[in-house]
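Visitor: Under my numbering, the first residue of the sequence shown is numbered 15, with each subsequent residue one higher.
The beta-carbon is built from N, C-alpha and C at its ideal position, and this holds for glycine as well.
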Amino acid sequence: MILPFLRSSTNLTQIHQIHAQIIINGLLPLHSHLLEKLIDLRYLEYARSVFDQISSPNDYSWNSMIRCYTLNGYPQNSLSLYIKMLRNDVKPSNFTYPSVLKACSSRFAVNEGEQVHCHVVKFGFDLDLYVNNSLIDMYCKCSCVGSAHQVLDEMHYRDEVSWNTLISGYVSVGEVAQAGKLFEEMPMWRNVVCWTTLLNGYGKEGNLVKMLEIFLQMLVSADDVGPNSATMVCLLSACSSFSELKLGRWAAVFIDVNSIPLNAILTTALLDMYSRCGDVEKARKLFDGMSGKNLVSWNAMITGYVQRGFLEEAIGLFNLMRAKLVKPNEITMVNVLSACAGLGTFKLGREVHHYICRNKLDMNVIVATALVDMYSKCGSVNDACLVFVKTANKDVALWNSMISSLAYHGNGKDSLAVLAQMERCGVNPNDITFIGVLSACNHTGLVEEGRLQFSKMVIKHGLSPTIEHYACMADLLGRAGYLEEAFEMVQNMVVPPDSIIWGTLLSACRIHRRVDLADKISEFILSEPHPNLGFCILLSNIYASVGRWKDVARVRKLVKEKGIKKPSGCSWIEVDGVIHRFLVEALTHMESQEIHDTHQSLINQLKIEGYVPNLDFLAKNIDGM
15 MILPFLRSST NLTQIHQIHA QIIINGLLPL HSHLLEKLID LRYLEYARSV FDQISSPNDY
75 SWNSMIRCYT LNGYPQNSLS LYIKMLRNDV KPSNFTYPSV LKACSSRFAV NEGEQVHCHV
135 VKFGFDLDLY VNNSLIDMYC KCSCVGSAHQ VLDEMHYRDE VSWNTLISGY VSVGEVAQAG
195 KLFEEMPMWR NVVCWTTLLN GYGKEGNLVK MLEIFLQMLV SADDVGPNSA TMVCLLSACS
255 SFSELKLGRW AAVFIDVNSI PLNAILTTAL LDMYSRCGDV EKARKLFDGM SGKNLVSWNA
315 MITGYVQRGF LEEAIGLFNL MRAKLVKPNE ITMVNVLSAC AGLGTFKLGR EVHHYICRNK
375 LDMNVIVATA LVDMYSKCGS VNDACLVFVK TANKDVALWN SMISSLAYHG NGKDSLAVLA
435 QMERCGVNPN DITFIGVLSA CNHTGLVEEG RLQFSKMVIK HGLSPTIEHY ACMADLLGRA
495 GYLEEAFEMV QNMVVPPDSI IWGTLLSACR IHRRVDLADK ISEFILSEPH PNLGFCILLS
555 NIYASVGRWK DVARVRKLVK EKGIKKPSGC SWIEVDGVIH RFLVEALTHM ESQEIHDTHQ
615 SLINQLKIEG YVPNLDFLAK NIDGM
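So, in structure tokens, the structure goes:
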């Protein structure tokens, strides 16, 4: 009578009553059934207590308890119980090893896994298909694909799981070519999972051509399998990574024509592809048409807006998300804070910060870094410092953000102090750290300190200077008047200088009236296929300052011939919590006339106060340009 009640019980109260009846009536053989029920209901501690009360558990009870620990995320308990099983002279079965090997792989415990492999051979289970598949999986999860391959080679019988697991293992460690070779060796069973795994491998490797080749092979293969939603997610993810909008649109048509079910994951992949490839309007249309939007969908759309510069739209979507009572996560908040930083909206940024605290969202180091960046770009370095100080377990990204924030606000010495504190805490600076440090020296005019930090970066930390480091040094030396040193450094760079480097030196030439050096730099700037318009204008103005009108005309002619144009500038300002946007030469703002009149009034006031503009760099109107 007790056994039917035990099987139908659903809560701990019922279990306790049945357990009491088992003890009172001396029905100890029912302990194994009680154990099975407790494992099924996931009462792990209670299950272990019952297991320990069984005088001589059979192999089924041992296996059930080991499997229970593995499936519920307690691999160490599984391994400990397996060792106890051996010490109690209970022979393992073929059902023991899949759970034990999975426990090894979840802990990346390859040494223990190898010992278990020896036991598999010792107890005669090395011919068992499922045990061998578990061995392959364990070795692959522990990044020992060579050992996994050896297991496959020694197997007398293999199934699709054997091959697929090893192919997936090679893909996971980046050996996609070897995965492809193994794929070609498969005698049969090349199912959609196997094709998709290989496709995903080439996508992660960045080999879009090979990925498309595999996809087309799949369509015409004799395996008679077609792409499913997971396959198309892999293809769309690659399109997103490489900004391949044309291919992404083709994939969208393929999905529609072949009636591949649009689940939430595939729809989100389509949305992400459109937004990251620049078709934000199509992405939003797809988003609005989704019936079951989840957090991933909201994040994909917000991220797409931020990455493409639609910052106000990103904030608007976040507000809609809150209205729909969708709880954001770390990804949401980082992107929203990035939008606030881009807009320079301090009030909105602070509201977002309060929202994070009020709703007890995870204030981890990634969110803290985004907050530091936002406060810095919104002009409140004090708030940035406060967030930084309150954050525990600072990583290198947060230290870098604080150093850059202080540098951005001209607090060069404070930036260097944070660097020193960072090193005392045992956090190794990286290349991004020194971009912030060198910028700090540049903004504060600390030439000697800049030289020292540049040298320390290379000699002490073994970091190779990038174009950004050289640009900081060129600007630092150039502004301070060390133009020859800066020019020589640029000529001896370990990476080819770009137009930004030359433009930086050109700006220094203007400050220090070094037209002779500007002549040398002009050769590099004007030889570019698409010269930077700002640098061309700067060069033209330098020539104008010394009356070299022919050279002014030559530069302007080149600009006209190459069709170099500057995109319209755009700026934002926040007033009383409202964001106002202005475009160059556009009168779209409702108060444009009032703003223009105020501007003219300020100019007139400056003249009355005695302001005289510097006309040294005012160029003549040459050929109507």
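Answer yes or no: does any C-beta atom of chain C fall closer than 7 Å to that of Ser419?
Guide: Annotation note: the requested chain C is absent from the structure, which comprises a single protein chain.
Visitor: State the CB to CB distance for the pair Ser243 and Pro275, rounded to an integer number of angstroms; the pair is presumed to be in contact (CB under 8 Å).
Guide: Against the sequence shown, residue 243 aligns to sequence position 229. Against the sequence shown, residue 275 aligns to sequence position 261. Ser243 to Pro275, Cβ: 6 Å. Contact.
Visitor: Where do the ends of the alpha helix (DSSP H) carrying Arg465 lie?
Guide: Looking up residue 465 in the sequence shown gives position 451. Start and end: Val461 to Ile473.
Visitor: Residues in its own chain within less than 6 Å of Met471 by CB, not counting five upstream and five downstream?
Guide: Here residue 471 refers to the residue found at position 457 when the sequence shown is read from its first residue. Around Met471, the same chain offers Phe448 and Leu477 as residues with beta carbons nearer than 6 Å, after the five sequence neighbours per side are excluded.
Visitor: My guess is that Ile228 and Leu213 are in contact by the Cβ rule of under 8 Å, so how many angstroms apart are they, rounded?
Guide: Residue 228 sits at position 214 when you count from the first residue of the sequence shown. Residue 213 sits at position 199 when you count from the first residue of the sequence shown. About 5 Å separates the two Cβ atoms, so the contact holds.
Visitor: Who are the Cβ neighbours of Leu497 in its own chain at under 8 Å, not counting the five residues just before and after it?
Guide: Residue 497 sits at position 483 when you count from the first residue of the sequence shown. Leu491, Leu519, Ala522, Cys523, His526, Arg528 and Leu531, listed in sequence order.
Visitor: Do Leu222 and Phe256 have their C-beta atoms closer together than 7 Å?
Guide: Taking the sequence shown and counting its residues from 1, the one referred to as residue 222 is at position 208. Taking the sequence shown and counting its residues from 1, the one referred to as residue 256 is at position 242. By the CB criterion at 7 Å, Leu222 and Phe256 fall inside the cutoff.
Visitor: Under 6 Å Cβ to Cβ from Ile535, same chain only, skipping five residues before and after it: list those, please.
Guide: Residue 535 sits at position 521 when you count from the first residue of the sequence shown. Taken in chain order, the residues that qualify are Trp516, Leu519 and Leu520.
Visitor: Taking the alpha carbon of Leu48 as the point to measure from, which residue in Tyr74, Arg21, Asn72 and Glu59 has its own alpha carbon closest?
Guide: Here residue 48 refers to the residue found at position 34 when the sequence shown is read from its first residue. When each option's Cα is compared against that of Leu48, the closest is Arg21.
Visitor: Under 7 Å, do Leu115 and Ser92 count as touching if we go by C-beta distance?
Guide: Position 101 of the sequence shown, counted from the start, is the residue given in the question as residue 115. Position 78 of the sequence shown, counted from the start, is the residue given in the question as residue 92. By the CB criterion at 7 Å, Leu115 and Ser92 fall outside the cutoff.
Visitor: Quick check on the DSSP output: the alpha helix (DSSP H) that includes Arg81 runs from which residue to which?
Guide: For the purposes of this step, residue 81 is identified with residue 67 of the sequence shown, where counting begins at 1. Taken as a continuous stretch (DSSP letters only), the alpha helix (DSSP H) holding Arg81 covers Asp73 to Leu85.
Visitor: Using CA atoms only, rank isn't needed, just tell me which of Met152, Ser107 and Glu198 is closest to Ser186.
Guide: Indexing the sequence shown from 1 puts residue 186 at position 172. Per the Cα distances, Met152.
Visitor: What are the uninterrupted segments assigned as alpha helix (DSSP H) that are 4 or more residues long and contained completely in the segment 373-404, given in chain order?
Guide: 379-391 and 395-404
Visitor: Do you know how far the Cα of Val379 is from the Cα of Thr281?
Guide: In the sequence shown, counting from the first residue as 1, residue 281 sits at position 267. In the sequence shown, counting from the first residue as 1, residue 379 sits at position 365. Distance between the alpha carbons of Thr281 and Val379 is about 31 Å.
Visitor: With a threshold of 7 Å on Cβ separation, who are the neighbours of Leu143 within its own chain once the five nearest residues in sequence on each side are excluded?
Guide: As a first step, residue 143 is located in the sequence shown; it is residue number 129 there, counting from the start. Correct list, in chain order: Tyr171 and Asp173.
Visitor: Is the distance from the Cβ of Ser289 to the Cβ of Ala283 below 7 Å?
Guide: As a working mapping, residue 289 is identified with position 275 in the sequence shown. As a working mapping, residue 283 is identified with position 269 in the sequence shown. No; because the gap between Cβ atoms is not below 7 Å, this pair is not in contact.
Visitor: Let's see if you can read the secondary structure: which residues bound the alpha helix (DSSP H) around Cys523?
Guide: Taking the sequence shown and counting its residues from 1, one reaches residue 523 at position 509. Segment Ser513 to Ile525, the alpha helix (DSSP H) holding Cys523.
Visitor: Between Glu608, Lys391, Asp428 and Leu58, which has its C-alpha nearest Arg81's C-alpha?
Guide: Residue mapping note: residue 81 aligns to position 67 of the sequence shown, counting from 1. If we check each option's Cα against that of Arg81, Leu58 comes out closest.
Visitor: Run the CB neighbour count on Lys391, radius 10 Å, all protein chains shown included, and call it buried at 16 or more, exposed below.
Guide: Here residue 391 refers to the residue found at position 377 when the sequence shown is read from its first residue. When all chains shown are included, Lys391 counts as buried.
Visitor: Would you report the Cα separation of Val135 and Gly240, rounded to the nearest angstrom?
Guide: As a first step, residue 135 must be located in the sequence shown, where it is residue number 121. As a first step, residue 240 must be located in the sequence shown, where it is residue number 226. One C-alpha to the other measures close to 39 Å.
Visitor: With a CB to CB cut of under 8 Å and the five nearest residues on each side skipped, what residues in its chain are close to Val175?
Guide: Translated into positions along the sequence shown, residue 175 becomes position 161. These residues qualify, in order along the chain: Asn147.
Visitor: Within the same chain, show all residues whose beta-carbon is closer than 7 Å to that of Val64, passing over the 5 residues directly before and after it, in chain order.
Guide: What you label residue 64 is simply residue 50 of the sequence shown in a count that begins at 1. Contacts found: His45, Leu48, Leu49 and Leu52.
Visitor: Quick one: is Arg56 buried, meaning 16 or more other Cβ sit within 10 Å of its Cβ, or exposed?
Guide: Residue 56 sits at position 42 when you count from the first residue of the sequence shown. Arg56 is exposed by the Cβ-count criterion.
Visitor: Check whether the Cβ atoms of Val366 and Val350 sit closer than 7 Å, and answer yes or no.
Guide: Within the sequence shown, numbered from 1, the residue matching residue 366 stands at position 352. Within the sequence shown, numbered from 1, the residue matching residue 350 stands at position 336. Taking 7 Å as the Cβ cut-off, Val366 and Val350 qualify as a contacting pair.
Visitor: Since Trp203 is in the alpha helix (DSSP H), which residue starts that stretch and which ends it?
Guide: Walking along the sequence shown from the start, residue 203 turns up at place 189. Note, Trp203: premise wrong, no alpha helix (DSSP H); not H, not E.
Visitor: Only counting the same chain, and skipping five residues up and downstream in sequence, which positions put a Cβ closer than 6 Å to that of Thr458?
Guide: Within the sequence shown, residue 458 is the residue found at index 444, counting from 1. So the qualifying residues of the chain are Gly426.
Visitor: When the Cα atoms are used, what is the spatial distance from Arg372 to Val348?
Guide: In the sequence shown, residue 372 corresponds to position 358, counting from 1. In the sequence shown, residue 348 corresponds to position 334, counting from 1. Taking the straight line joining both Cα atoms gives about 16 Å.
Visitor: Using the C-alpha atoms, what's the distance from Leu285 back to Ala314?
Guide: Position 300 of the sequence shown, counted from the start, is the residue given in the question as residue 314. Position 271 of the sequence shown, counted from the start, is the residue given in the question as residue 285. Roughly 7 Å between the two C-alpha positions.
Visitor: Which residue wins for smallest C-alpha separation from Ala398, given the options Asp387, Asn407 and Gly220?
Guide: In the sequence shown, counting from the first residue as 1, residue 398 sits at position 384. Nearest C-alpha to Ala398: Asp387.
Visitor: Tell me which same chain residues have a C-beta within less than 8 Å of the C-beta of Leu95, skipping the five on either side of it?
Guide: By one-based count along the sequence shown, residue 95 stands at place 81. If we look at Leu95 and ignore the five residues flanking it on each side, its Cβ neighbours are Trp76, Met79, Ile80 and Tyr83.
Visitor: Is it buried or exposed, Tyr625, if we count other Cβ atoms within 10 angstroms and call 16 or more buried?
Guide: As a first step, residue 625 is located in the sequence shown; it is residue number 611 there, counting from the start. Flag for Tyr625 reads exposed.
Visitor: Taking Cβ positions, are Asp533 and Thr480 nearer each other than 7 Å?
Guide: Residue mapping note: residue 533 aligns to position 519 of the sequence shown, counting from 1. Residue mapping note: residue 480 aligns to position 466 of the sequence shown, counting from 1. No, the pair does not count as a contact, with Cβ atoms beyond the cut-off.
Visitor: Taking the alpha-carbon of Lys474 as reference, which of Tyr319, Pro443, Ala567 and Glu499 has the nearest alpha-carbon?
Guide: Numbered from 1 along the sequence shown, position 460 holds the residue referred to as residue 474. The shortest Cα separation from Lys474 among Tyr319, Pro443, Ala567 and Glu499 belongs to Pro443.
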